[in-house]
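**Student:** After the structure tokens below, expect a handful of questions from me.
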Amino acid sequence: RLVAIKQAARENVKVFGIILGTLGRQGNPAILSKIRRKLKAHGKRSFVILMSEVFPKKLQMLPQADAWVQVACPRLSIDWGHFFDKPVLSSYELEVCLGEASSQWSETGSNVPY
177 RLVAIKQAAR ENVKVFGIIL GTLGRQGNPA ILSKIRRKLK AHGKRSFVIL MSEVFPKKLQ
237 MLPQADAWVQ VACPRLSIDW GHFFDKPVLS SYELEVCLGE ASSQWSETGS NVPY
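In terms of this note's numbering, the sequence shown opens at residue 177 and continues consecutively.
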């Protein structure tokens, strides 16, 4: 996950696609608004897409995104993130990417003890 966060934090990443999940009660409009404000405050552009199911091929059809943030399934980024061509971050991982939260992972990928 730390690799994806670092990729999304690169200076050449200018546009974030924000995925708002529509399956069940996964998408949260309040979190979506917070993410958009944070990205704008950091000089990043963003756009929103609504998706019931998130698949790599669907995101590949939107090449204008340099990285993605998902407000859908909490485990999507963790369990399936490595299948995507571009980073797909959770809202927490975005905060780490923007320097607004500290990372819970070490450089080796293991969890940092409490």
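Backbone N, C-alpha and C fix where the C-beta goes; we use that ideal spot for every residue, glycine too.
Quick caveat: nothing in here was measured; it's all calculated off a predicted structure.
From the DSSP output, which residues share a beta bridge with residue 224?
**Tutor:** According to DSSP, residue 224 bridges with 194.
**Student:** Just how far apart, CA to CA, sit residue 234 and residue 255?
**Tutor:** Each residue's Cα considered, the two are about 18 Å apart.
**Student:** In the DSSP assignment, find the unbroken alpha helix (DSSP H) run with residue 230 in it and report its ends.
**Tutor:** First-last for residue 230: undefined, no H or E at that position.
**Student:** Check whether the Cβ atoms of residue 275 and residue 177 sit closer than 9 Å, and answer yes or no.
**Tutor:** Against a cut-off of 9 Å, the Cβ pair of residue 177 and residue 275 comes out as no contact.
**Student:** Nearest by alpha-carbon distance to residue 196: which of 184, 186, 222, 180 is it?
**Tutor:** Ranking the options by Cα distance to residue 196, first place goes to 222.
**Student:** Find out if the Cβ-Cβ distance for the pair residue 253, residue 229 is shorter than 9 Å.
**Tutor:** It is not a contact, given that the beta carbons lie outside the stated cut-off.
**Student:** May I ask you to report which of helix, strand or coil DSSP gives residue 265?
**Tutor:** Of the three classes helix, strand and coil, the one that applies to residue 265 here is strand, per DSSP.
**Student:** DSSP on residue 272, reduced to helix/strand/coil?
**Tutor:** Note: residue 272 maps to helix in three-state DSSP.
**Student:** On the CB-based measure, 16 or more other CB atoms within 10 Å of its CB, does residue 182 come out buried or exposed?
**Tutor:** Answer is exposed; the Cβ neighbour count stays below 16.
**Student:** So, helix, strand or coil for residue 236, using DSSP?
**Tutor:** Of the three classes helix, strand and coil, the one that applies to residue 236 here is helix, per DSSP.
**Student:** Helix, strand or coil for residue 183, going by three-state DSSP, please let me know.
**Tutor:** Three-state result, residue 183: helix.
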